[in-house]
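With the first letter of the sequence shown counted as 1, position 54 gets the number 54 in UniProt numbering; the numbers rise by one all the way through. All residues carry an ideal CB built from backbone N, CA and C; glycine is no exception. All values reported here derive from a predicted model rather than from experimental measurement. Report on the following structure.
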Amino acid sequence: MNADNGLPANPTKKKHGVVVGVDGSKRSLAAAIWALREAKRISAPLTMVSAYTLPIFPSVAVDAATGGHEDSALAQSCRQILEATKAELGDTEGVDVRSNVELGDPGTVLVDYSHDADMLVAGPRGRGGFLGLLVGSVSRGLPAHAKCPVVLVPRGAEESRAATDAPVVVASDGSEQGRVAMLRAAEETIRRSPTCRLRVITAMAPVSSAVEWLPSTVDERAMFDELREKVDAGVAWLQSYFPNLNIESEVIDGVPVDAVVAESESARLTVVGTRGLGGFTGALLGSTSQGIAAHARGPVMIVPYHDDPRLHDRPEYGPMINQDPED
Numbered sequence: 001m002n003a004d005n006g007l008p009a010n011p012t013k014k015k016h017g018v019v020v021g022v023d024g025s026k027r028s029l030a031a032a033i034w035a036l037r038e039a040k041r042i043s044a045p046l047t048m049v050s051a052y053t054l055p056i057f058p059s060v061a062v063d064a065a066t067g068g069h070e071d072s073a074l075a076q077s078c079r080q081i082l083e084a085t086k087a088e089l090g091d092t093e094g095v096d097v098r099s100n101v102e103l104g105d106p107g108t109v110l111v112d113y114s115h116d117a118d119m120l121v122a123g124p125r126g127r128g129g130f131l132g133l134l135v136g137s138v139s140r141g142l143p144a145h146a147k148c149p150v151v152l153v154p155r156g157a158e159e160s161r162a163a164t165d166a167p168v169v170v171a172s173d174g175s176e177q178g179r180v181a182m183l184r185a186a187e188e189t190i191r192r193s194p195t196c197r198l199r200v201i202t203a204m205a206p207v208s209s210a211v212e213w214l215p216s217t218v219d220e221r222a223m224f225d226e227l228r229e230k231v232d233a234g235v236a237w238l239q240s241y242f243p244n245l246n247i248e249s250e251v252i253d254g255v256p257v258d259a260v261v262a263e264s265e266s267a268r269l270t271v272v273g274t275r276g277l278g279g280f281t282g283a284l285l286g287s288t289s290q291g292i293a294a295h296a297r298g299p300v301m302i303v304p305y306h307d308d309p310r311l312h313d314r315p316e317y318g319p320m321i322n323q324d325p326e327d
């Protein structure tokens, strides 16, 4: 670990580097442009992947010659899409750009690549092999099963916000998954610029309007203050690993998915975990995930859980037992 900025001194390089799903749509081009910039940032290869499946005709015999011809035509179409996308990327100097065509379900193909990738990048929806990447079964499966972070890039978000003071935003609720997302968000912030800020947000949905059967004695102000105290302790924990990082935090009074979407509009990158508790329960499962995927206005990184040793010095979001949060 680099004592100055909290980044690993010798990060392990993944074979596929930054992987992006490409299908020829404008949205996938936006994702590829964003992925290229990330590949340059971390000095990794850019692997563009296009996938196709063969039509299934029940009760109809298709001879081997016909099937082989169709397979070849589909593969050639994917190669042409990859070539056209590469031509649109712009300056690729210094980046090893690879173009891979795969036969198989797009979600499964990308999950396979994720085992040896730094991150997966995709547009919010597309056509061809990646149709519905962020809607339906693939959108639920990719973030849930990928072995590396998944970045969803809406069209228009490929333009860099590096010239602004836009922060990296992380949505966390104190769960272990949320703290893993905080650690990754801190690393992403440092990689962007020495002056980039990290903004930690937690949302608390209004209790009185959402759960009318609760007794009137429930003190929402006290609940809010308690959550604020936990967030402060969590920021102190994160700051102990990234002492030079500018970290700010806010407890937002509102619906979690709305909070994430609103933050994504002005953030360089918005980071969330695959699931959590409290305000961000199931943040990437079910209706909440569909809301984020459908409405996010900037790149969103979904970080899968892994057993980071930095989680072990505190049993929960707050400070170590019997120690000051600044320790």
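Do you know offhand how far residue i's Cα is from residue j's?
| i | j | result |
| --- | --- | --- |
| L110 | G254 | 34 Å |
| Q80 | G21 | 14 Å |
| T274 | S77 | 34 Å |
| S172 | G234 | 9 Å |
| G123 | D225 | 38 Å |
| V251 | R199 | 11 Å |
| R197 | V300 | 16 Å |
| W237 | K40 | 30 Å |
| K13 | D219 | 50 Å |
| G104 | D118 | 22 Å |
| A205 | V261 | 15 Å |
| R310 | L227 | 22 Å |
In this structure, what does DSSP give as the bridge partners for residue i?
| i | result |
| --- | --- |
| L52 | Checking the sequence shown, residue 52 turns out to be Tyr, not Leu. Bridge partners of Y52: L103. |
| R197 | N246 |
| L46 | V18 and V97 |
| V300 | L152 and T270 |
| V251 | T202 |
| A122 | L152 |
Exposed or buried, which one is residue i when buried takes at least 16 other CB atoms within 10 Å?
| i | result |
| --- | --- |
| G107 | buried |
| H16 | buried |
| K230 | buried |
| A185 | buried |
| E265 | exposed |
| L142 | buried |
| R27 | buried |
| V168 | buried |
| R221 | exposed |
Step through the CB atoms of chain D and report whether any lies within less than 8 Å of the CB of residue i.
| i | result |
| --- | --- |
| W34 | Among the chains in the structure shown there is no chain D, since it carries only a single protein chain. |
Where does the unbroken alpha helix (DSSP H) through residue i begin, and where does it stop?
| i | result |
| --- | --- |
| G178 | E176 to R192 |
| G234 | E220 to Y241 |
| A262 | P256 to S264 |
For residue i versus residue j, is the C-beta distance shorter than 8 Å?
| i | j | result |
| --- | --- | --- |
| V95 | L29 | no |
Span of the beta strand (DSSP E) holding residue i?
| i | result |
| --- | --- |
| A171 | V168 to A171 |
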